[in-house]
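Quick note on the UniProt record's numbering: the sequence shown kicks off at 1 and runs consecutively.
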Amino acid sequence: MLTKLRHEFVAITMALVGVVLVVALGSTLLASASRQRSLTRESLERALDEQFAPQFGDSSGRQGGDAALTMTVDVSADGTVLARSDSPVQIPTDTLYDVIVEALGSDQNSGHSDDYPIAWMRADTGDGFRIALADTYSRDSGLRDQATTDLVIVTVSMGALYVVAWLLSGWVLRPVREAWERQRRFVSDASHELKTPLAVIVANTQILGSEGALPEGARRWVESTSEEASHMKSLVEDLLTLARADEGRSLGSGDCPVREDVDLTALVEGCALEFDAVAFERGCSIECDLAPWVHVTGDPSQLGRMVRTLVDNATKYAQRDTPVRVRLAYDARRVRLTVSNSGEPIAAEDLEHLFDRFYRTDRARERQENGGFGLGLAIAKSIVEAQGGKISAASTPEGTTTFTVLL
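So this is what it looks like as structure tokens:
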């Protein structure tokens with residue numbers, strides 16, 4: 001969990017700084033491009049207003065490094081070149097002809113050639129047109145160089161930022177890690193301390209219950225105490241399971257020390273058979289549709305516990321005379337296990353919290369109604385994640401609830 005939180009911190013930090021950096025450099029690049037286009041347009045306008053002469057700079061003859069190198073051409077209405085200015089701009093005849101044809105065929109009075117680094121502006125002279133041309137190669141090359149430099153800056157900056165953000169995240173999340181460790185240690189230690197006295201209570205109440213001379217009224221209280229102690233023992237064991245899962249996630253190592261080939265088809269079939277009698281008592285049935293020879297790598301005992309939890313949960317909340325459907329199949333390169341039942345529809349806001357610890361969709365429901373503590377699905381999720389899989393839940397308005405596991 002802490003590793004995931006650290007990655008999220010780094011990702012958010014890099015995203016925010018990256019957006020600011022891209023916006024700043026992008027704005028500078030756009031401003032430079034706009035300025036260059038404006039200078040080119042001014043140079044073309046001056047070239048159209050003046051008589052034929054070398055054009056480089058403003059109309060006073062002063063040269064400016066930011067001004068575009070221009071030349072002007074007078075053409076007839078049919079496109080014949082009548083005259084051209086004396087200009088340092090060296091444009092081959094065929095290129096000049098292509099640009100003139102493009103300028104004469106355009107609906108606009110100015111534009112940029114699609115094929116050459118030449119901007120043009122056209123003016124009507126009455127018996128033809130005067131076309132001013134500007135060499136934009138240097139301008140375009142400068143903008144490309146600036147864009148390349150900006151890209152290098154962004155790349156290097158993001159790399160350096162990643163290192164800084166990763167180191168910073170360790171310092172920022174240190175209090176969270178310490179609090180998490182204290183909480184995990186408390187749950188683990190408290191659960192261990194409770195296991196022994198609870199085991200003694202369960203054993204003693206069972207011994208008392210087996211005494212034949214125990215009065216019937218006292219026997220009822222002993223059995224009630226034994227039942228509640230057994231519930232508490234189950235709760236402590238579940239808390240220990242979650243504490244171990246939390247420890248594995250906090251260390252980034254998961255919670256699956258056992259890795260072996262598992263015949264998931266046989267495992268799911270066996271778990272479903274275990275609940276046939278339970279389902280019958282609860283007024284429902286179990287239908288299996290299992291693909292043969294489905295194998296995964298993982299811990300068979302943990303996978304079995306996860307399947308039993310899902311099937312038990314489905315039979316517990318299924319409507320009477322409805323089936324609980326268990327399906328197992330290959331899904332591309334993964335294995336898909338689904339357990340579905342028909343019951344009360346689950347609201348969307350409840351679906352988001354189904355795998356939270358101690359969460360119940362019905363706040364008014366008592367534990368005695370179903371015998372659980374709200375930890376089963378949380379444990380199932382921790383098992384699936386430790387196996388490298390994903391688990392999700394969906395519910396339709398008609399009341400069909402489906403739990404899906406991808407391994």
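Glycine included, C-beta positions come from ideal geometry on N, C-alpha and C.
Per DSSP, reduced to three states, the secondary structure at residue 102 is helical. In the displayed model, residue 284 falls within coil according to three-state DSSP, outside both helix and strand. Assigned with DSSP and collapsed to three states, residue 120 falls in strand. The Cβ neighbour count for residue 144, taken over all protein chains shown within 10 Å, is under 16; the residue is labelled exposed.
Two segments are said to touch when three or more pairs of C-beta atoms, one from each, lie closer than 8 angstroms; by this definition the stretch 326–339 touches the stretch 278–293. The Cβ-Cβ distance between residue 284 and residue 345 does not fall below 8 angstroms. Beta-carbon to beta-carbon, residue 226 and residue 202 are separated by about 6 angstroms, close enough to satisfy the 8 angstroms threshold. Around residue 379, the same chain offers 238, 241, 242 and 309 as residues with beta carbons nearer than 7 angstroms, after the five sequence neighbours per side are excluded. Going by DSSP, residue 20 is part of the alpha helix (DSSP H) stretching over 2–49. In this structure residue 210 is exposed. Its beta-carbon is surrounded by fewer than 16 other beta-carbon atoms within 10 angstroms.
DSSP places residue 78 outside any beta strand (DSSP E), giving it a letter other than H or E. The beta-carbon distance between residue 101 and residue 79, rounded to whole angstroms, is 6 angstroms. This is short enough to meet the 8 angstroms contact definition.
Judged by DSSP secondary structure, residue 384 falls within the alpha helix (DSSP H) whose first and last residues are 376–386. The closest CA to that of residue 14, considering only 140, 41 and 155, is found on 155.
Judged by DSSP secondary structure, residue 128 falls within the beta strand (DSSP E) whose first and last residues are 128–135. DSSP, reduced to helix, strand and coil, places residue 91 outside both helices and strands of the structure shown, so it counts as coil. Closest in alpha carbon position to residue 281, among 72, 269 and 317, is 317.
In this chain, the beta strand (DSSP E) harbouring residue 393 covers 390–395. Just measuring C-alpha positions, the residue of 113, 123, 279 and 114 sitting nearest residue 46 is 123. Pairing residue 262 with residue 303 gives a Cβ-Cβ distance under 8 angstroms. The Cβ atoms of residue 89 and residue 81 do not sit closer than 8 angstroms to each other. By the Cβ neighbour-count rule, residue 72 is buried, with 16 or more other Cβ atoms within 10 Å of its own.
Per the Cβ contact rule, the stretch 157–169 is not in contact with the stretch 131–148 (fewer than 3 Cβ pairs under 8 angstroms).
Burial check for residue 218: the Cβ neighbour count within 10 Å stays below 16, so the residue is exposed. Between residue 133 and residue 40, the CB-CB gap reaches or exceeds 8 angstroms. Taken through DSSP and simplified to helix, strand or coil, residue 259 comes out as coil. For residue 301, there is no enclosing beta strand (DSSP E); the enclosing alpha helix (DSSP H) covers residues 300–317. Assignment of residue 357 by DSSP, reduced to helix, strand and coil, places it in the coil class.
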